[in-house]
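One structure below.
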Amino acid sequence: MSIHSDIYSADAVVIGAGFAGATIARELAERGNMQVALIERREHIGGNAYDMYDEHGVLIHAYGPHIYHTNSDRVHEYLTRFASFNDYQHEVLANVHGSFIPVPFNLNSIDLSFSGERAAAFKQALLGLYPHGTRIGILDLKQQDDPLLKELSDYVYENVFLFYTMKQWGQTPEEIDPAVSARVPVLLDTDNRYFQDKYQGLPVGGYAALFEAMLDHPNITVHLGVDAAEILSIQVVGAADGVGAGGAGDADAEAERAEAILVDGKPYDGLVIYTGALDELLEWRYGMLPYRTLEFVYRRYNEKHVQPVGTVNYTVSEDFTRITEYSHMTGQDIDVTTVAEEYPLAFTDPSTQTPYYPISDSANQAQYERYVLLFAEMPKFKLLGRLAEYRYYNMDQIVARALELADELLS
1 MSIHSDIYSA DAVVIGAGFA GATIARELAE RGNMQVALIE RREHIGGNAY DMYDEHGVLI
61 HAYGPHIYHT NSDRVHEYLT RFASFNDYQH EVLANVHGSF IPVPFNLNSI DLSFSGERAA
121 AFKQALLGLY PHGTRIGILD LKQQDDPLLK ELSDYVYENV FLFYTMKQWG QTPEEIDPAV
181 SARVPVLLDT DNRYFQDKYQ GLPVGGYAAL FEAMLDHPNI TVHLGVDAAE ILSIQVVGAA
241 DGVGAGGAGD ADAEAERAEA ILVDGKPYDG LVIYTGALDE LLEWRYGMLP YRTLEFVYRR
301 YNEKHVQPVG TVNYTVSEDF TRITEYSHMT GQDIDVTTVA EEYPLAFTDP STQTPYYPIS
361 DSANQAQYER YVLLFAEMPK FKLLGRLAEY RYYNMDQIVA RALELADELL S
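In this note's numbering, the protein residues as written are 1 to 411.
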C-alpha cells in the first residue's frame, strides 16, 4: 500500500514520531481501535529522544541528553508498559573557575564556595527565612533585603546563572523570560540530585527500543523519511495571495482560515495530529517563529569516565554550555567513553538546523497565536508538542499532555 492510500484509509494521521506523536498514535490505535498512519521526516522514530550506538560502541543521545523524571503515576505506569528503567539519579556540577559545585545551587554548594564561617552565616540566613527543602528562584532571592542574602544571590546570579543563561538563550538578562529564570533555583537541601521527582532513570535498552515497543501495534503504520509537506498541504481561504511560497506578509490573519487538509490535492477528512513546527507547516506565511538550536561536538577518550558526573555545566567560561558523558547515565560498562560539548545557536535555517527551544515572550506568542487562529474552524486538526504548541515541555509533561488529548478525543 502506498503512503497516499494508507493515509486515505487511516482514521487518523499523526505527524512526528517523538514522545508526543508516539503516545497519541498508540492511544488512538489501542484504546480507540483506530487505523493510524504515522509520518516521520527523519529516518528513525523517537524524535529528539532518539539514542544510538556511535562508532565506538557508546550509547549516546543523538540530540542531547534526555533524562526521564516524573511525579506522575499515570505517566510512569504508562511508559513502564514499554520499557523498564534503570535507577539513574541525575547529578549536575557547575565548573566555576575550575571548582565543581552542585547544580541546582544548594547547601552543599554553599559549603564548597565559601569558608566555613561565611558558609554557616549564609545557611543560617536562608533557613531562618525559608523552610528546609524550599526551592527559591534566583530572581526572588535577589529581592530580599538581608545583606547576606543579597551577597549570596549576587554570587549565584553571576557564577551560576548569568553567563550560562546568556549563552543558552542568546539574550541579555533583561530579555530573558522570567519563566526561564524560575527554572534556576537555589535548593535549601543537601540533596545533590538535579531532580527530586518520585520516578527517575533511563530506559533499559535505550529510548529507541522504548519507541519501537510503543509503536508495535497492528493498527499503526509508520512511514519514515517522509516529509509531511510532500504529502499534506493546507488549503487557506480568505487571502488574496492564497496558499504558496512567499507567505501572506502583513495580510489580516482574521480574514484567513484553513479550510481543509489536502492529500495530493484532495481533502482528507480524518483526524490529524500535528507535532511539528506550525510556522513551517504554513510555509512561514507570518514569518519564522524564533527558536534556539544546538550543535554538538563529540569527543572520545580511552577511559571509563572523564567527568565525575553525567553533566558538567560551564557557567563562567567556554563557548559551550555543558559537557555530557552518556555512560554515566546509561550505566554502560565499557572501557571507552564519548562526551558531547553543547553549543546553543540561533535557529535560522530549517533545512539544516533542528528547532529545540521556543523563545517565549509576548511578541513571539502573539506571532504563534496568529498561526493557531488559522485552524479555529478545523476541529479535526490538533496541535500537540513543544514545536506545535510553541512551549517548553519536559518528556513526562508531553506524555501526560498526549494522554489527556487521547482522553478528550476518545471520550
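Glycine is no exception: its CB is placed at the ideal position from the N, C-alpha and C atoms. Since we're looking at a predicted model, the values are computed, not measured.
Problem - In chain order, each alpha helix (DSSP H) run of at least 4 residues that lies wholly inside the region 11-93 - result: 19-30 and 73-79
Practice task
Please state whether DSSP places D241 in a helix, a strand or coil.
Solution key: Its pLDDT being 46, under 50, D241 is placed unreliably in this model, and the value from its coordinates should be taken loosely. Coil at D241, not helix or strand.
Exercise for the section: Just grab the DSSP bridge partners of A346 for me. Expected result: R292
Practice task
Tell me whether S360 sits in a helix, a strand or coil according to DSSP, three-state version.
Solution key: coil
Practice task
Out of G21, L202, H97 and G265, point me to the one whose CA is closest to H4's CA.
Solution key: G265
Handout entry: Sequence-distant residues of its chain with Cβ nearer than 7 Å to A176 (five each side left out)
Key = Note that residue 176 corresponds to Ile in the displayed sequence, not to Ala. Here I176 has T165 and W169 as same chain residues with Cβ atoms under 7 Å from its own Cβ, once five neighbours each way along the sequence are excluded.
Handout entry: Candidates A406, A228, G205 and H90: closest to V309 by CA position
Key = H90
Problem - As assigned by DSSP and simplified to three states, the class of Y390 - result: coil
Practice task
Report the three-state DSSP secondary structure of E256 (helix, strand or coil).
Solution key: coil
Handout entry: Short Cβ contact (9 Å threshold) for A49 with G16
Key = Cβ distance not < 9 Å, so A49 and G16 don't count as in contact.
Practice task
Might you give, ordered along the chain, the residues of its own chain that have their beta carbon closer than 8 Å to the beta carbon of L403, omitting 5 neighbours on each side?
Solution key: T23, E27, R74, V75 and Y78
Practice task
Just confirm the distance between the C-beta atoms of F211 and I45, as a whole number of angstroms; I'd bet it's less than 8 Å.
Solution key: Taking a contact as a CB-CB distance under 8 Å, the pair F211 and I45 counts as one, their CB atoms being some 5 Å apart.
Handout entry: Given I67 as reference, the closest of D54, D407, F85 and I136 once Cα atoms are compared
Key = F85
Exercise for the section: Quick one: residues in its chain with C-beta nearer than 7 Å to the C-beta of V263, no 5 flanking neighbours on either side, listed in chain order? Expected result: H4, I7, Y8, I231 and L232
Problem - Y286 in three-state terms, based on DSSP - result: coil
Handout entry: Distance, L215 Cα to N313 Cα
Key = Rounded to whole angstroms, the separation of the alpha carbons of L215 and N313 is 35 Å.
Exercise for the section: Measure the alpha-carbon distance for H328 versus I273 and round it to whole angstroms. Expected result: 36 Å
Problem - the region 318-325 contacting the region 136-146, beta-carbon criterion three pairs below 8 Å - result: no
Handout entry: A411: first and last residue of the uninterrupted alpha helix (DSSP H) it sits in
Key = The amino acid at residue 411 is misidentified as Ala; the sequence shows Ser. Looking at the DSSP string, S411 is not in any alpha helix (DSSP H), and its letter there is neither H nor E.
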